[in-house]
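What follows is one structure encoded as structure tokens, with my remarks underneath.
Protein chains: 2
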Amino acid sequence: MTTEQEFLDSYDPSAYPALAVTVDVVALTIRDGDLHVLLVTRGAPPFAGHRALPGGFVRDEPLAAAAVRELAEETGLHPGEGELARLHLEQLASYGDPERDPRMRVVSVAYLAFAPSLPDPRAGSDAAAAAWVPVDSAGALAFDHAAILAAGLERARAKLEYTPLATAFLGDRFTIGELRAVYTAVWGEELHAGNFHRKVLSVPGFVESTGETTARGGERGGPRARLYRAGDAKLLHPALLRPSREEGVR
Amino acid sequence: MTTEQEFLDSYDPSAYPALAVTVDVVALTIRDGDLHVLLVTRGAPPFAGHRALPGGFVRDEPLAAAAVRELAEETGLHPGEGELARLHLEQLASYGDPERDPRMRVVSVAYLAFAPSLPDPRAGSDAAAAAWVPVDSAGALAFDHAAILAAGLERARAKLEYTPLATAFLGDRFTIGELRAVYTAVWGEELHAGNFHRKVLSVPGFVESTGETTARGGERGGPRARLYRAGDAKLLHPALLRPSREEGVR
DNA sequence: TGAATAGTGTCTATAAGACATTATCGT
DNA sequence: ACGATAATGTCTTATAGACACTATTCA
């Protein structure tokens, strides 16, 4: 209870009940115009057969490295390889309710990842039970993972407002229309094409022109679109605010 | 390495190296117009004699409860008692670099607290070494606490933009001038009094009038000010943006 | 009386959003 | 030819910020 006692305790961790630290990852990507999250199907109790966020125990490594490692294992890709090299990863929050895991006290550090469209997890790897699932079809998840997913989605929606991270869902070159498709998928709202176009170009450092255009127009017609790459801005100023933000204000 | 192996491991935590979880609290308050943070002076190695954020090991309790408990111990106040009852507490981030504590692997969950002006920590309590320190005078801190404090300050500055949490630094009734003093203390920038006044009143749900005024004018003259209390808004719309946000955008 | 503060009014520049328009491409 | 999309133009309204101004109170 006293400060000195704490110092003593700190040298004797076995005086405390066993406690584990895990990382769980909310990995988001966009497929076919819809926002998807990477989920695994648990093969053992508790919650056997339920879907869960990919994650696992932290080893002798930084927390973010554990998140990247788990993600790489579940997708069958290697960190720094191919599309995983362009991954955006940020810490989301930590969850440590004593009852959140029925086996023992587990504190989980959740991470949020934005990925360009990735292939399906490789069959035969650790990731046999992993799949990209539309976020609207995630359903019930193991442990408190539904709450973690909800927090990740809300964070992602907010981040698109004031950061250029929407580009993290795209390749290194993209059209304004593709960028708008990211916003509509994450926010779940249609955006006015013309206003969005002008606004994106008016924010300093959001995108920069490559001088190129697409090789051909859209599948259903339309002119060739100019290609852009991500700019050097870390924050959008002014921000792109969501249309419907009156709800939830009170 | 495989998913099944993880399930087995999860039942045998002793297979993993000893690991501790702590909470550290960035507790902010405003005294004499300046932003202060609660710091303790360490009495034992490592970092003996250095200042540090208040914190300690997590017990059989939720993480937020551990943060409140540590804060109560250091200030000598009891949770839910007096000013501590009005405390705003939110999770900040977790810090788990393997080298951040020289003794052992410690993962710390940092919390951020906004408090109305609190008394000095009680002499004779656990808090004998605790004190409110102006954030500009914090200097070097033990472990990675300087980085945690910096993250807390940035979070606080950002939160004041789009939430009504500035009122968490004030009593249950306050003037617009007192609210403006919170903003100038946290942001470190002067705000135009007239524009601030009109803007605060124009944001729905930020403050609501009590119909009362202060008993007397300012110490150096001026009329009596109307008294307000916090409104029911959870988000400010439109937000109060910091004047200088061009820097750090790139 | 003078200085400081509360609160309001006015004006300008910027930004958001609704809507229209033109050009280019695929089918 | 037709429909779809890219990109730009126009107009209205809301907001931010600079500045001026009046009223009230304390020293």
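Respectively, the protein sequence lines represent chains Y and L.
Read left to right, the first sequence gives residues 1 to 250 (the working numbering).
Read left to right, the second sequence gives residues 1001 to 1250 (the working numbering).
Backbone N, C-alpha and C fix where the C-beta goes; we use that ideal spot for every residue, glycine too.
For clarity, every value in this text was computed on a predicted model and none was experimentally measured.
Rounded Cβ spacing between residue i and residue j (contact assumed at less than 8 Å)
| i | j | result |
| --- | --- | --- |
| L:V1107 | L:L1019 | 7 Å |
| Y:L53 | Y:L149 | 7 Å |
| L:G1231 | L:E1208 | 5 Å |
| Y:D34 | L:P1062 | Actually they are not in contact, since the Cβ atoms of Y:D34 and L:P1062 sit about 35 Å apart, beyond 8 Å. |
| L:A1021 | Y:V21 | The residue asked about is misnamed: residue 1021 of chain L is Val in this sequence, not Ala. Contact holds; Cβ gap of about 7 Å. |
| L:W1187 | L:R1157 | 6 Å |
| L:A1115 | L:A1027 | 6 Å |
| Y:E189 | Y:P238 | Y:E189 to Y:P238, Cβ: 19 Å. No contact. |
| L:R1198 | L:T1214 | So it is not a contact: roughly 20 Å between Cβ atoms. |
Selected residue, minimal CA-CA separation from residue i, among the options
| i | options | result |
| --- | --- | --- |
| L:T1167 | L:A1158, L:A1215 and L:Y1183 | L:Y1183 |
| Y:V25 | Y:A85, Y:P134, Y:A64 and Y:L201 | Y:A64 |
| L:H1145 | L:F1047, L:R1103 and L:K1199 | L:F1047 |
| Y:D101 | Y:R69, Y:K234, Y:V186 and Y:G56 | Y:G56 |
| L:E1241 | L:L1160, L:E1219, L:A1142 and L:G1043 | Note that residue 1241 of chain L is Leu in the sequence shown, not Glu. When each option's Cα is compared against that of L:L1241, the closest is L:L1160. |
| L:R1051 | L:L1141, L:T1213, L:G1177 and L:D1136 | L:L1141 |
| L:R1069 | L:V1023, L:I1030 and L:G1221 | L:V1023 |
| Y:L201 | Y:A215, Y:E219, Y:E190 and Y:A233 | Y:A233 |
| L:R1229 | L:R1122, L:E1190 and L:F1169 | L:F1169 |
| L:A1044 | L:R1180, L:R1122 and L:R1103 | L:R1103 |
| L:L1089 | L:D1120, L:A1215 and L:T1029 | L:T1029 |
| Y:F218 | Y:I176, Y:F206, Y:R198 and Y:K199 | For the record, residue 218 of chain Y in the displayed sequence is Gly; it is not Phe. Of the listed residues, the one whose Cα sits closest to Y:G218 is Y:I176. |
| L:L1153 | L:L1092, L:L1191, L:R1105 and L:G1194 | L:L1092 |
| L:R1122 | L:L1071, L:A1147, L:L1191 and L:E1099 | L:L1071 |
| L:D1120 | L:E1073, L:G1139 and L:A1147 | L:E1073 |
Any C-beta of chain Y under 9 Å from that of residue i
| i | result |
| --- | --- |
| L:A1020 | yes |
| L:P1134 | no |
Residue-chain proximity (residue i, chain L), Cβ-Cβ < 9 Å
| i | result |
| --- | --- |
| Y:L63 | yes |
| Y:D24 | no |
| Y:P243 | no |
| Y:D97 | yes |
| Y:T213 | no |
| Y:G124 | With a pLDDT of 49 at Y:G124, under the threshold of 50, the modelled position of this residue cannot be trusted; read the value that follows with caution. Chain L, which has no Cβ nearer than 9 Å to the Cβ of Y:G124, makes this no. |
Cα-Cα separation, residue i to residue j
| i | j | result |
| --- | --- | --- |
| Y:L165 | Y:Y111 | 15 Å |
| Y:G124 | Y:T75 | Note that Y:G124 scores 49 on pLDDT, short of 50, meaning its location in the model is unreliable; the coordinates nonetheless yield the value given after this. Cα to Cα, the separation comes out at about 11 Å. |
| Y:S10 | L:V1037 | Unreliable positioning characterises Y:S10 in this predicted model, as indicated by a pLDDT of 47, which lies under 50. The coordinate reading is nonetheless provided below. Each residue's Cα considered, the two are about 24 Å apart. |
| L:V1203 | L:L1087 | 23 Å |
| Y:T41 | Y:A130 | 6 Å |
| Y:F196 | Y:F174 | 15 Å |
| Y:G211 | Y:R226 | 7 Å |
| Y:L236 | Y:Y162 | 5 Å |
| L:L1179 | L:L1077 | 25 Å |
| Y:A113 | Y:A185 | 16 Å |
| L:V1135 | L:D1032 | 13 Å |
| L:R1059 | Y:G49 | 32 Å |
| Y:S137 | Y:L39 | 11 Å |
| L:L1191 | Y:F206 | 29 Å |
| Y:G139 | Y:A147 | 12 Å |
| L:A1181 | L:G1194 | 13 Å |
| Y:G105 | Y:A85 | The identity of residue 105 of chain Y in the sequence shown is Arg, whereas the question assumes Gly. So the alpha carbons of these two residues sit roughly 33 Å apart. |
| Y:E99 | Y:R220 | 53 Å |
| Y:R216 | Y:G222 | 9 Å |
| Y:A67 | L:S1094 | 13 Å |
| L:F1143 | Y:F143 | 33 Å |
Under 9 Å by beta carbon: chain Y residues contacting residue i
| i | result |
| --- | --- |
| L:V1107 | V21, V58, L63, S94, V107 and V109 |
Interface partners of residue i on chain L, CB under 8 Å
| i | result |
| --- | --- |
| Y:P119 | Chain L residues near Y:P119: none, gap ~19 Å exceeds 8 Å. |
Proximity test, residue i beta-carbon vs the ligand ZN heavy atom, cut-off 8 Å
| i | result |
| --- | --- |
| L:A1215 | Questions concerning the ligand ZN fall outside what the structure shown contains, since it holds no ligand whatsoever. |
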